[in-house]
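S.K.: In full-length UniProt numbering, the protein residues as written are 1 to 408. Glycine residues also receive a C-beta, built at the ideal position from the N, C-alpha and C atoms. Can you read through this structure? Questions will come right after.
So this is what it looks like as structure tokens:
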């Protein structure tokens with residue numbers, strides 16, 4: 001544990017760290033499984049998992065063992081040379097997906113940036129020099145680089161950074177007719193999240209996915225699936241698109257891939273991946289020995305450890321509790337999600353509910369203003385869920401008792 005308190009660390013952080021996050025006044029200093037502890041020694045149940053990063057829980061022993069062993073052997077060499085754990089992780093990703101090749105980077109935004117570049121390069125080679133436009137979905141979230149924030153069809157993230165790069169068009173998520181109408185002479189790809197996370201845990205009907213695959217084939221368009229948040233077991237399948245029976249040409253991953261270490265990945269079929277040549281794209285730290293060793297351990301646990309079936313079981317159990325709460329508290333308008341990415345949409349802002357849960361030792365999140373988002377680690381138990389639901393119900397009861405206002 002640190003010798004500094006929450007208050008001391010908050011004060012230092014405000015002094016030295018750029019103000020780009022709406023941070024709560026807590027500094028976490030230790031984690032194990034589904035629990036974390038702050039600098040004052042207080043324990044919390046983590047149902048956010050570092051925004052879907054710590055899917056194996058905090059400091060999973062297999063991941064920490066892999067990281068410790070790699071630190072003692074080799075931390076970094078450049079991608080001018082072959083890197084053994086990078087190759088091993090790429091092999092595991094390819095053998096468990098539609099893809100044939102992998103490019104490694106450091107984050108989801110970088111993976112999506114790479115996907116945009118790859119789609120445009122492939123289009124110029126195989127579709128024509130005027131093919132560059134990518135259609136994305138309203139309420140999407142693809143990152144905060146200039147290109148990926150433009151791909152993110154949410155004006156609130158874009159307005160301070162104009163002029164934005166050209167070549168993106170937006171349609172409502174799940175609206176197949178609007179998507180078909182948006183396809184124009186310059187369109188080369190459609191980029192979509194199988195589950196919209198930051199946009200409010202939004203899902204589209206199965207008919208949309210069937211129609212999307214058919215439309216992409218008919219129009220000779222690339223399909224890019226952003227699985228940065230929904231991928232790697234979060235929905236109970238290794239990749240969320242598996243629920244819909246369709247496959248993309250390009251897929252992006254990050255968050256859970258490194259078991260808590262920073263890594264992103266761009267996956268593609270051989271045909272599409274071959275558009276990239278040496279010099280087209282690169283990342284100094286991408287796929288370094290340390291994070292890919294963590295990724296190998298993470299993939300082995302996801303594929304071999306029975307976590308996917310456990311995720312489905314715990315997701316159904318948790319959702320059942322959330323449905324019960326929705327029946328009891330009318331200000332919960334809808335419960336939705338897939339596996340262990342779940343949400344309660346409210347008829348009011350949810351920030352005060354998040355803060356009240358935190359005060360009682362439960363970490364959750366509010367996105368899209370009025371959507372409570374739950375992203376617990378895939379290792380959670382029924383006992384963890386019961387504890388979390390108990391805290392959440394206390395807070396919701398206080399909201400109702402306060403005549404629809406904030407928790408007392």
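#1: When burial is assigned at 16 or more other CB atoms within 10 Å of the CB, is residue 76 buried or exposed?
#2: Alpha carbon to alpha carbon, what distance is there between residue 235 and residue 316?
#3: Spell out the partners DSSP gives residue 371 in its beta bridges.
#4: From residue 67 to residue 187, what distance separates their C-alpha atoms?
#5: With distances taken from CA atoms, which of 396, 373, 361 and 368 is nearest residue 387?
#6: Can you tell me whether residue 26 is helix, strand or coil according to DSSP?
#7: Can you tell me whether residue 87 is helix, strand or coil according to DSSP?
#8: Could you say which of 344, 356, 13 and 393 lies nearest to residue 369 if we only look at CA atoms?
#9: Could you check the C-alpha separation between residue 216 and residue 148 for me, to the nearest Å?
#10: DSSP has residue 105 in a bridge; who is on the other side?
#11: Please say whether residue 340 and residue 311 have beta carbons closer to each other than 8 Å?
#12: Quick one, which of 319, 349 and 329 has its alpha-carbon nearest residue 336's?
#13: Residues in its own chain within less than 7 Å of residue 357 by CB, not counting five upstream and five downstream?
#14: Does DSSP put residue 46 in a helix, in a strand, or in coil?
#15: Between the stretch 10–22 and the stretch 54–62, do at least 3 Cβ pairs fall closer than 8 Å?
#16: Identify whether residue 168 lies in helix, strand or coil by the three-state DSSP scheme.
#17: Roughly how far, in whole angstroms, is the beta-carbon of residue 409 from the beta-carbon of residue 296, given that I think they are within contact range, below 8 Å?
#18: Would the stretch 141–156 count as touching the stretch 109–122 if we require 3 or more Cβ pairs under 8 Å?
#19: Please check the pair residue 338 and residue 241, which I expect to be a contact at CB under 8 Å, by giving their CB distance rounded to whole angstroms.
#20: Taking the alpha carbon of residue 63 as the reference point, which residue from 83, 299 and 250 has its own alpha carbon closest?
#21: Residue 492 and residue 276: beta carbons closer than 8 Å?
#22: At what residues does the beta strand (DSSP E) containing residue 133 begin and finish?
#23: Might you give, ordered along the chain, the residues of its own chain that have their beta carbon closer than 6 Å to the beta carbon of residue 285, omitting 5 neighbours on each side?
#24: At which residue ranges does the stretch 285–370 contain complete alpha helix (DSSP H) runs of 4 or more residues, listed in the order of the chain?
#25: Can you give the Cα-Cα distance for residue 10 and residue 17, rounded to whole angstroms?
#26: Can the beta-carbon of residue 183 be found closer than 8 Å to that of residue 219?
#27: Does DSSP classify residue 223 as helix, strand or coil?
#28: Around the Cβ of residue 152, are there at least 16 other Cβ atoms within 10 angstroms (buried) or fewer (exposed)?
#29: What do you reckon, are the CB atoms on residue 233 and residue 256 nearer than 8 Å?
#30: On a CA-only basis, which of 154, 372, 161 and 160 is nearest residue 169? Give me that one, please.
#31: For residue 444, write down the residues that DSSP places opposite it in a beta bridge.
#32: Going by DSSP, what residue range makes up the beta strand (DSSP E) through residue 20?
#33: By Cβ distance, which residues of its chain are closer than 8 Å to residue 185, with the 5 residues on each side in sequence left out?
#34: Give me the residue from 380, 377, 332 and 379 with the minimum Cα distance to residue 397.
#35: Does DSSP classify residue 241 as helix, strand or coil?
M.R.: In brief:
#1: Translated into positions along the chain shown, residue 76 becomes position 76. By the C-beta density criterion, residue 76 is exposed, having fewer than 16 other C-beta atoms within 10 angstroms.
#2: For the purposes of this step, residue 316 is taken as residue 316 along the chain shown, with counting starting at 1. For the purposes of this step, residue 235 is taken as residue 235 along the chain shown, with counting starting at 1. One Cα belongs to residue 316, the other to residue 235, and the distance between them is close to 11 Å.
#3: Position 371 of the chain shown, counted from the first residue, corresponds to residue 371. BP columns for residue 371 point to 345 and 367.
#4: Along the chain shown, read from residue 1 onward, the residue named residue 67 stands at position 67. Along the chain shown, read from residue 1 onward, the residue named residue 187 stands at position 187. Each residue's alpha carbon lies about 43 Å from the other.
#5: To locate residue 387, count along the chain shown from 1; it is residue 387. In terms of CA proximity to residue 387, 361 leads the group 396, 373, 361 and 368.
#6: Residue 26 sits at position 26 when you count from the first residue of the chain shown. Note: residue 26 maps to coil in three-state DSSP.
#7: Translated into positions along the chain shown, residue 87 becomes position 87. Judged by DSSP in its simplified three-state form, residue 87 adopts helix.
#8: Sequence index remark: in the chain shown, residue 369 carries index 369 (1-based). Distance check between residue 369 and each of 344, 356, 13 and 393 places 344 closest, using alpha-carbon atoms only.
#9: Numbered from its first residue, the chain shown carries residue 216 at position 216. Numbered from its first residue, the chain shown carries residue 148 at position 148. Roughly 21 Å separates the two Cα atoms.
#10: Here residue 105 refers to the residue found at position 105 of the chain shown. Residue 105 pairs with 264.
#11: Reading the chain shown from its first residue, position 311 is the one you call residue 311. Reading the chain shown from its first residue, position 340 is the one you call residue 340. Between residue 311 and residue 340, the C-beta spacing is below 8 Å.
#12: In the chain shown, residue 336 corresponds to position 336, counting from 1. Among 319, 349 and 329, the Cα nearest to that of residue 336 is on 319.
#13: Mapped onto the chain shown, residue 357 falls at position 357. Within the same chain, residue 357 has close Cβ partners 364, 391, 392 and 395.
#14: Position 46 of the chain shown, counting from 1, holds the residue named residue 46. Note: residue 46 maps to strand in three-state DSSP.
#15: No, because fewer than three Cβ pairs between the stretch 10–22 and the stretch 54–62 fall closer than 8 Å, the two stretches do not touch.
#16: Taking the chain shown and counting its residues from 1, one reaches residue 168 at position 168. The answer is strand: DSSP assigns residue 168 an E or B state.
#17: Nothing about residue 409 can be reported from this structure: the residues present for the chain run from 1 to 408 only.
#18: With a cut-off of 8 Å, the stretch 109–122 and the stretch 141–156 count as touching, because enough Cβ pairs lie within range.
#19: Position 338 of the chain shown, counted from the first residue, corresponds to residue 338. Position 241 of the chain shown, counted from the first residue, corresponds to residue 241. With a contact defined as Cβ atoms closer than 8 Å, residue 338 and residue 241 miss out at about 11 Å.
#20: Looking up residue 63 in the chain shown gives position 63. Minimum Cα distance to residue 63 is reached at 299.
#21: Past the edges of the chain, shown from 1 to 408, lies residue 492, and the structure says nothing about it.
#22: On the chain shown, residue 133 is found 133 positions in, with the first residue counted as 1. Segment 133–137, the beta strand (DSSP E) holding residue 133.
#23: Taking the chain shown and counting its residues from 1, the one referred to as residue 285 is at position 285. The answer, listed in chain order, is 106.
#24: Counting only runs of 4 or more residues that sit fully inside the stretch 285–370, the alpha helix (DSSP H) segments are 289–304, 307–328 and 351–359, in chain order.
#25: For this step, residue 10 is matched to residue 10 along the chain shown. For this step, residue 17 is matched to residue 17 along the chain shown. Answer to the nearest angstrom: the Cα atoms are 10 Å apart.
#26: Within the chain shown, the letter at position 183 stands for residue 183. Within the chain shown, the letter at position 219 stands for residue 219. Yes, the Cβ-Cβ distance between residue 183 and residue 219 is below 8 Å.
#27: As a working note, residue 223 is residue 223 in the chain shown. In this structure, residue 223 counts as strand in the three-state DSSP scheme.
#28: What you label residue 152 is simply residue 152 of the chain shown in a count that begins at 1. With 16 or more other Cβ atoms from the protein chains shown falling within 10 Å of its own Cβ, residue 152 counts as buried.
#29: Numbered from 1 along the chain shown, position 233 holds the residue referred to as residue 233. Numbered from 1 along the chain shown, position 256 holds the residue referred to as residue 256. Result yes, Cβ atoms of residue 233 and residue 256 sit closer than 8 Å.
#30: Translated into positions along the chain shown, residue 169 becomes position 169. For residue 169, the closest C-alpha among the options 154, 372, 161 and 160 is that of 154.
#31: This structure gives no information on residue 444, because the portion of the chain shown stretches from 1 to 408.
#32: Locating residue 20 in the chain shown gives position 20, where the first residue counts as 1. Boundaries cannot be given for residue 20, as no beta strand (DSSP E) includes it and DSSP labels it neither H nor E.
#33: Numbered from 1 along the chain shown, position 185 holds the residue referred to as residue 185. Excluding its 5 nearest sequence neighbours in each direction, residue 185 has C-beta neighbours in its own chain below 8 Å: 130, listed in chain order.
#34: Looking up residue 397 in the chain shown gives position 397. It is 332 whose Cα lies nearest to the Cα of residue 397.
#35: Along the chain shown, one-based indexing puts residue 241 at 241. DSSP places residue 241 in helix when its eight states are reduced to three.
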